[in-house]
Amino acid sequence: MTSLGERFKAGLWYENPGLVQLLGLCPLLAVTTTVANGLGLGIATLSVMVLSNTLVSAVRRWIQPEIRIPMYVLIIASLVTCTELVFKAWIPVLDRSLGIFIPLIVTNCAIVARAEVFASRNAVVASIIDGFVMGTGFALLLIAIGAFRELVSTAWLLAALPPGAFFSLALAVAAKNAIDSRRANRETDSVTEPAGQLER
Amino acid sequence: MRDATVTRSGITLTAMAALCTALVAFTHELTDERIADNERAWLEQSLQPVLEGVEFDSDLTASRTTIPAPHGLPGADAAIVYRAFQDTTPVAALFAVTARNGYSGPIRLLIGVRADGRISGVHALSHRETPGLGDRIDRSKSDWIEQFAGRSLADPATTGWRITRDGGDFDQMTGASVTSRAVVGAVSETLLYFESNKQGVFARPADQAEVLAE
Chain B
1 MTSLGERFKA
11 GLWYENPGLV
21 QLLGLCPLLA
31 VTTTVANGLG
41 LGIATLSVMV
51 LSNTLVSAVR
61 RWIQPEIRIP
71 MYVLIIASLV
81 TCTELVFKAW
91 IPVLDRSLGI
101 FIPLIVTNCA
111 IVARAEVFAS
121 RNAVVASIID
131 GFVMGTGFAL
141 LLIAIGAFRE
151 LVSTAWLLAA
161 LPPGAFFSLA
171 LAVAAKNAID
181 SRRANRETDS
191 VTEPAGQLER
Chain F
1001 MRDATVTRSG
1011 ITLTAMAALC
1021 TALVAFTHEL
1031 TDERIADNER
1041 AWLEQSLQPV
1051 LEGVEFDSDL
1061 TASRTTIPAP
1071 HGLPGADAAI
1081 VYRAFQDTTP
1091 VAALFAVTAR
1101 NGYSGPIRLL
1111 IGVRADGRIS
1121 GVHALSHRET
1131 PGLGDRIDRS
1141 KSDWIEQFAG
1151 RSLADPATTG
1161 WRITRDGGDF
1171 DQMTGASVTS
1181 RAVVGAVSET
1191 LLYFESNKQG
1201 VFARPADQAE
1211 VLAE
């Protein structure tokens, strides 16, 4: 069992659903025109992911392999419907600006992926943590791209339009890879360097 | 053996479906009222621009009525009308209509007419007019559309319900006479309809709204 810190590092960085696994890109590209939208969809996806992981893990011993996909779809679709109702009731502004993309969380394969890969094989608490970590990683990416596009679009209109979404995501993935490879180089170059400096 | 698996799978799925349905039903029960309230508030907020100075105490959402085409109002599809009352006396009717002769595509307009035939306000709900020219029908971009408030079929007379370029009384937006002409035309058409159908508009039964079922 890996430590909590390791799990967070994996979810936010090394296995980030958006940046590394490249899952759930449809909503990611479509709604990240502003920080507020990114945050809204991020929170919605995060809560669905935590709840679906919880539920899938709780019933995992009764799920026969043949029917696991319909089970996931059933669970995720119900949870998304509930989330949509909650948004409509308590955060109507966000519901209006996100529109169809809240119901479309059903089709976010990052969520099914966590159900299949993690929640169906692990205990409830571990699955909740996994859902939270992965969901947070996805949400932070949505917020970061939303912030980037909102800022840049004042100078460069294209950033607010669909092509801008692809460019922004490409830049984010490229930046992550650049940071990773620089870090890997430094680690092999200077083994004698104090560990603290590697964290920069 | 095979049959047993199928039966088990069926039972599991059924149980799960029941559980999920219960979950959704419970959430619906919990959020139902708030959602209806939010929708009502949202509608009243979006109708606000054409209700300036209109005093009413009725529920706008419940007053919604749909007039199927052909109706003599602008637009080829059904027109939606909200009615406002004060002590059951009609004070204003709000028409959501479509001006089809915009510069690029239809312009959805909300036109408020007081019971005495004066306009309480006109508001562009949606359009695809040219940014920087025709899109000045939006209140956020210019006050052009506010010139209609207070006007009626008597002010100006019928021939005045045109833009200045066509010899009428209404200023056009510079560089957007097509848009201006479409809006002026739709407003006067709505006023003419209101004049000849006033009784009917206020007497029409309201739509059966699914949101208001309870």
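Residue numbers (my numbering), protein chains in the order written: chain B, 1 to 200; chain F, 1001 to 1214.
Every residue gets a Cβ at the ideal spot worked out from N, C-alpha and C, and that includes glycine.
Quiz item: Does the Cβ of F:Thr-1088 have 16 or more other Cβ atoms within 10 Å, making it buried, or fewer, making it exposed?
Solution: exposed
Quiz item: I think B:Leu-98 touches B:Gly-40, with their Cβ atoms under 8 Å apart; what is that distance to the nearest whole Å?
Solution: 5 Å
Self-check item: C-beta neighbour in chain F for B:Trp-62, strict 8 Å
Solution: yes
Quiz item: Can you list, in chain order, the residues of its chain whose CB lies under 8 Å from that of F:Trp-1144, leaving out five sequence neighbours each side?
Solution: Arg-1136, Ile-1137, Asp-1171, Met-1173 and Ser-1180
Quiz prompt | Span separating the alpha-carbon of B:Val-86 from that of F:Ala-1182 | solution = 41 Å
Exercise. Might you give, ordered along the chain, the residues of its own chain that have their beta carbon closer than 8 Å to the beta carbon of B:Val-35, omitting 5 neighbours on each side?
Key: Ile-143, Gly-146, Ala-147 and Glu-150
Exercise. Check the Cβ of B:Lys-88 against every Cβ in chain F and list those closer than 9 Å, keeping chain order.
Key: Thr-1031, Arg-1034, Ile-1035, Asn-1038 and Glu-1039
Self-check item: Minimum Cβ-Cβ distance from B:Glu-66 to chain F less than 8 Å
Solution: yes
Quiz item: B:Arg-7 lies in the alpha helix (DSSP H); which residues open and close that run?
Solution: 4-9
Practice problem: Grab the span of the beta strand (DSSP E) containing F:Gln-1086 for me, first residue to last. | Solution: 1079-1086
Quiz item: Under 7 Å Cβ-Cβ, which residues of chain F neighbour B:Thr-54?
Solution: Near B:Thr-54 there are no residues of chain F at all, since even the closest Cβ is about 12 Å away, more than 7 Å.
Exercise. Can you give me, in chain order, the residues of the segment 143-164 of chain B that have a beta carbon less than 9 Å from any beta carbon in chain F?
Key: none
Exercise. Evaluate B:Phe-166 with the Cβ neighbour count: other Cβ atoms within 10 Å of its Cβ, from every protein chain shown; 16 or more gives buried, anything less gives exposed.
Key: exposed
Practice problem: Grab me the residues of F:Thr-1065's own chain with a C-beta within less than 6 Å of its C-beta, minus the 5 sequence neighbours each way, in chain order. | Solution: Val-1081, Arg-1204, Ala-1206 and Asp-1207
Self-check item: Rounded separation between B:Val-112 and F:His-1127 - CA only
Solution: 39 Å
Quiz item: By a C-beta neighbour count over all protein chains shown, 10 Å radius and 16 as the cutoff for buried, is F:Phe-1026 buried or exposed?
Solution: exposed
Quiz item: Thinking just about the alpha-carbon of each residue, which of F:Val-1187, F:Ser-1152, F:Leu-1110 and F:Phe-1194 is nearest to the one in F:Val-1050?
Solution: F:Leu-1110
Practice problem: For the segment 1104-1160 of chain F, list the alpha helix (DSSP H) runs that are entirely contained and at least 4 residues long, ordered along the chain. | Solution: none
Quiz item: chain B beta carbons: is any one of them nearer than 8 Å to that of F:Thr-1061?
Solution: no
Quiz item: For F:Ile-1035, does the count of other Cβ atoms within 10 angstroms reach 16, so buried, or fall short, so exposed?
Solution: buried
Practice problem: Use the C-beta contact count for F:Val-1211: other C-beta atoms within 10 angstroms, 16 or more gives buried, fewer gives exposed. | Solution: For F:Val-1211, the predicted structure reports a pLDDT of 44, less than 50, and the residue's modelled location is therefore unreliable. A value from the coordinates is still provided. Exposed is the call here.
Practice problem: Would you give the residue range spanned by the alpha helix (DSSP H) that B:Ala-144 belongs to? | Solution: 124-153
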